[in-house]
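A.B. asks: I have a structure I would like to understand better, so I am pasting it below and will then ask my questions one at a time.
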Amino acid sequence: MGSASSMLTQYDIEEVQEHFTQQEIVSLYKRFCQLDRNAKGFISADEFLSRLLKMVDGLNFKDFVAFLSAFSSKASTPQKIEIIFKIYDSDGDGKVVFNDIIEVLRDMTGSFMSDEQREEVLNQLLNEAGYSRESPLLKNDFIKIFDYEGLRMEMEVPID
Amino acid sequence: MSNKLHSSSSELDLDRPNIEDYLPSGSIQEPIGKLRLRDLLDISPILTEAAGAIVDDSFTRCFKSNSPEPWNWNIYLFPLWCLGVVVRYGFLFPLRVLVLTIGWIIFLSCYFPVHFLLKGHDKLRKKLERGLVELICSFFVASWTGVVKYHGPRPSMRPKQVFVANHTSMIDFIVLEQMTAFAVIMQKHPGWVGLLQSTILESLGCIWFNRSEAKDREIVAKKLRDHVNGPDNNPLLIFPEGTCVNNHYTVMFKKGAFELGCTVCPIAVKYNKIFVDAFWNSRKQSFTTHLLQLMTSWAVVCDVWYLEPQNLKPGETPIEFAERVRDIISVRAGLKKVPWDGYLKYSRPSPKHRERKQQSFAESVLRRLEEK
Numbered sequence: 009m010g011s012a013s014s015m016l017t018q019y020d021i022e023e024v025q026e027h028f029t030q031q032e033i034v035s036l037y038k039r040f041c042q043l044d045r046n047a048k049g050f051i052s053a054d055e056f057l058s059r060l061l062k063m064v065d066g067l068n069f070k071d072f073v074a075f076l077s078a079f080s081s082k083a084s085t086p087q088k089i090e091i092i093f094k095i096y097d098s099d100g101d102g103k104v105v106f107n108d109i110i111e112v113l114r115d116m117t118g119s120f121m122s123d124e125q126r127e128e129v130l131n132q133l134l135n136e137a138g139y140s141r142e143s144p145l146l147k148n149d150f151i152k153i154f155d156y157e158g159l160r161m162e163m164e165v166p167i168d
Numbered sequence: 020m021s022n023k024l025h026s027s028s029s030e031l032d033l034d035r036p037n038i039e040d041y042l043p044s045g046s047i048q049e050p051i052g053k054l055r056l057r058d059l060l061d062i063s064p065i066l067t068e069a070a071g072a073i074v075d076d077s078f079t080r081c082f083k084s085n086s087p088e089p090w091n092w093n094i095y096l097f098p099l100w101c102l103g104v105v106v107r108y109g110f111l112f113p114l115r116v117l118v119l120t121i122g123w124i125i126f127l128s129c130y131f132p133v134h135f136l137l138k139g140h141d142k143l144r145k146k147l148e149r150g151l152v153e154l155i156c157s158f159f160v161a162s163w164t165g166v167v168k169y170h171g172p173r174p175s176m177r178p179k180q181v182f183v184a185n186h187t188s189m190i191d192f193i194v195l196e197q198m199t200a201f202a203v204i205m206q207k208h209p210g211w212v213g214l215l216q217s218t219i220l221e222s223l224g225c226i227w228f229n230r231s232e233a234k235d236r237e238i239v240a241k242k243l244r245d246h247v248n249g250p251d252n253n254p255l256l257i258f259p260e261g262t263c264v265n266n267h268y269t270v271m272f273k274k275g276a277f278e279l280g281c282t283v284c285p286i287a288v289k290y291n292k293i294f295v296d297a298f299w300n301s302r303k304q305s306f307t308t309h310l311l312q313l314m315t316s317w318a319v320v321c322d323v324w325y326l327e328p329q330n331l332k333p334g335e336t337p338i339e340f341a342e343r344v345r346d347i348i349s350v351r352a353g354l355k356k357v358p359w360d361g362y363l364k365y366s367r368p369s370p371k372h373r374e375r376k377q378q379s380f381a382e383s384v385l386r387r388l389e390e391k
C-alpha cells in the first residue's frame, strides 16, 4: 500500500485543514481511502453509523474532512447542531417533521418503547417547549433547543 | 440477507471481547431531572460513537499485522536477499527441524515413562514433568533461533500469586515456559495443538475455558481461585488481554485475573521486529503456518521483564487495578495503550450492546417523564 501521506501534498492539507492538525489529516486520508472500498467492514453497523455513512458517501476528501470537523473539539456548537439537524432531516429539505423525529427515536429506543409511547412523549415535550406536532422544526429551532452548555460531540482522530 | 449478517457478526463476536468482562458490575451514571425536549432529541453521544467508528477502528488497529516495508527492490540488495532466502530455507530450516525433532524424541521418551511409572510418587513426578516441559520449550525456542533476554527476578513457586503478561502469539507461552513451568488458562484448540494441550499441558495444571459458553465464566473463575490457593500448584500465568495483539499496543485487560484476591506479578514481553514479526494473527494463519514462518526467519529476538508484584490498593477496584498493571507492562515494553474510553467507544457495536443502550435510554426517558 505504501504510505498514503506521500500522495498528499502540503497544499492539499492546507486546503482541507479546518480544525485538524496535519497528522490528523494524514490519518483521515488513510481512513478515507480505506472507506471507499471497505463498506463491508461496517456490515454490523448500527443505524446511526449507517446514517452517517450515507451522509459521507460520495463526498470528496475535502468535504469529508469538512463534515468530520464538526466532531472536533474546536468546532462550534452551531456546527455540531447542524450535523444533528441533518441526521434528523432525512430527506434534506431543511425541515424536520414529527415523523422524522419518531424515526430517530425508534432507533434510539428499539423495542423498549412502543410507538404510542414515543408519540406521546414527543408530543408532550414539543408542546412544553412551545412547538406543535403539525409544524416542522427548522434549523433555528434546533439551535434554540440545544442552546445549552452541555452539548459535547467530540471524537479523537488517532494518529499512529 | 439476514442470515449473512448473523454469521458475520458471530464470527466477529468470537474475537470481540465481551463488554461484561471490562465493565464494573452495576454502576453507570444515570441522568436525572425533569425530561426536556433536548434530552429526547440529543443524539450527540451516539453520533460521536458513529463518527469515531468512521474515523478509526481501534479494535482492528491492534490486530493488524503491519507488514514491513519491502527493502529488496534494488539491484544491490535483491541478490543479498535471495542469498538470505537460500540460507534460511535451505540451511537453517532443515537444521531447526532436526533440532526440534531431536528435542521431541528426548521429551517423549522421558515424559511418558515418568508420567506412568511414577504414578504413585506425585511430588517427584511433578518435578520431573515440569523440568521436561521446560526442556521441550527450550528446544522450541532454539528451533526459531530464539534469543530471549530475561530481566528481573525469576518467578518463584508460592501460593496466592498470579502472573499476567501481554500477549502477542502462542509463542509467548513457550518463551515464558522455558524459564518457569507455568500453568496457564487457555482456550482449547483443535488439531495437534489440542492434543498437546490435553496430554502434556494437562499435567501442568492448565485450566481450559470455552468462549462460547456463557456460564463458563463462573466455572473458570472458581477454578482459577482454587488453583491459586493450592500450595502445590504450578504458578498460574494469565494473558488478561484475552487475545493475541500485534505487540505495538495493549488492549484492555479483563478483570478476571485481578479479582482473585492475590498478588499479581506483571510480565512484559517485547519482540524485536527487525528479525521477525512474532504476532500471530489467528484469523489469517493457523498456528502451524505461524510456526513455520518463525522457523524460516532469521531469529526471534525478544525481551522478557519480570516486574514488581502488585497488590490491590485499598479503595481500588479490580478494573483500576487491571489498568494500573497494564500501564506498568505497557511502559516497560514500550507499547501504546489503547485508551479505555476509546476502546469501548470505537469498538463495533454488537447487537447486545446496542440493545442495552436502547433499553437504558428508553427507561431513562420514561422515568424522567414521571418527574415533575
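Protein chains in written order, with my numbering: chain P, 9 to 168; chain E, 20 to 391.
Ideal placement from N, C-alpha and C gives every residue a C-beta, glycine not left out.
Just so you know, these numbers come straight off a predicted model, no measurement behind them.
At the level of alpha carbons, what is the spacing between P/Gly66 and P/Arg59?
C.D. replies: If I take the Cα positions, the gap works out to 13 Å.
A.B. asks: Can you confirm whether E/Arg387, when its beta carbon is compared against all beta carbons of chain P, has any partner nearer than 7 Å?
C.D. replies: Cβ-Cβ to chain P under 7 Å: no for E/Arg387.
A.B. asks: Given this structure, state the Cα-to-Cα distance separating E/Val106 from E/Ile193, to the nearest angstrom.
C.D. replies: Whole-angstrom Cα-Cα distance: 25 Å.
A.B. asks: To the nearest angstrom, how far is the alpha carbon of E/Pro333 from that of E/Thr164?
C.D. replies: In a straight line, the C-alpha of E/Pro333 is about 45 Å away from that of E/Thr164.
A.B. asks: For P/Ala74, which residues from the same chain have a beta carbon less than 8 Å from its beta carbon, with the 5 sequence-adjacent residues on both sides left out?
C.D. replies: So the qualifying residues of the chain are Val24 and Glu26.
A.B. asks: Say whether chain P places a C-beta atom closer than 7 Å to the C-beta of E/Leu311.
C.D. replies: Chain P, which has no Cβ nearer than 7 Å to the Cβ of E/Leu311, makes this no.
A.B. asks: Enumerate, from N- to C-terminal direction, the unbroken beta strand (DSSP E) stretches of 3 or more residues contained entirely within the segment 284-328 of chain E.
C.D. replies: 319-325, all fully within the segment 284-328 of chain E.
A.B. asks: Assuming E/Ser188 and E/Arg115 make a contact with CB atoms under 8 Å, what is their CB distance in whole Å?
C.D. replies: No, E/Ser188 and E/Arg115 are not in contact; Cβ-Cβ is about 17 Å, not under 8 Å.
A.B. asks: With a threshold of 7 Å between beta-carbons, can E/Asp360 be considered close to chain P, or not?
C.D. replies: Low confidence applies to E/Asp360: its pLDDT is 44, below 50, so where it sits in the model is not reliable, and the reading given next is rough at best. So no, E/Asp360 is outside the interface.
A.B. asks: Is DSSP giving E/Gly361 helix, strand or coil here?
C.D. replies: For E/Gly361, the pLDDT reaches just 40, beneath the cut-off of 50, and the residue's location in the model is therefore unreliable, although a value from the coordinates is still provided. In the structure shown, E/Gly361 sits in a helix (DSSP, three-state: H, G or I).
A.B. asks: Taking only beta-carbon atoms, is E/Phe380 less than 7 Å away from chain P?
C.D. replies: Yes, its Cβ sits closer than 7 Å to a Cβ of chain P.
A.B. asks: Could you tell me the distance, in whole angstroms, from the CA atom of E/Ser63 to the CA atom of E/Gly280?
C.D. replies: Answer to the nearest angstrom: the Cα atoms are 40 Å apart.
A.B. asks: Is E/Gly139 buried or exposed, if buried means 16 or more other CB atoms sit within 10 Å of its CB?
C.D. replies: The residue in question, E/Gly139, is exposed, as its Cβ has fewer than 16 Cβ neighbours within 10 Å.
A.B. asks: What residue range does the beta strand (DSSP E) around E/Trp227 cover?
C.D. replies: From DSSP, the beta strand (DSSP E) with E/Trp227 extends over Ile226 to Phe228.
A.B. asks: Against P/Glu90, what residues of chain E qualify as contacts under a CB-to-CB distance less than 9 Å, listed in chain order?
C.D. replies: Neighbours of P/Glu90 on chain E: none; closest Cβ ~12 Å, over 9 Å.
A.B. asks: Could you give the residue range of the beta strand (DSSP E) that holds E/Pro202?
C.D. replies: The identity of residue 202 of chain E in the sequence shown is Ala, whereas the question assumes Pro. Ala202 to Gln206 is the span of the beta strand (DSSP E), which, as asked, contains E/Ala202.
A.B. asks: Just the Cα atoms here: how many angstroms apart are P/Leu113 and P/Glu128?
C.D. replies: Roughly 12 Å between the two C-alpha positions.
A.B. asks: To the nearest whole angstrom, what separates the beta carbons of E/Leu56 and E/Val384, a pair I think is in contact under 8 Å?
C.D. replies: 12 Å between Cβ atoms; not a contact.
A.B. asks: Considering only DSSP beta bridges, list what E/Ile257 is partnered with.
C.D. replies: Paired residues: E/Val183.
A.B. asks: Thinking C-beta only, is E/Ala69 closer than 7 Å to P/Leu57?
C.D. replies: Their beta carbons are under 7 Å apart, which means P/Leu57 touches E/Ala69 by this criterion.
A.B. asks: Which runs of the alpha helix (DSSP H) at least 4 residues long sit entirely within the segment 137-161 of chain P? Give them in chain order.
C.D. replies: Fully enclosed alpha helix (DSSP H) runs of 4 or longer: 147-153.
A.B. asks: Report the rounded CA-to-CA distance for E/Phe110 versus E/Val118, giving the unit in angstroms.
C.D. replies: Cα-Cα distance, rounded: 13 Å.
A.B. asks: Measure the CB-CB distance between E/Arg144 and E/Leu137 and report whether it falls below 7 Å.
C.D. replies: Going by C-beta atoms, E/Arg144 is nearer than 7 Å to E/Leu137.
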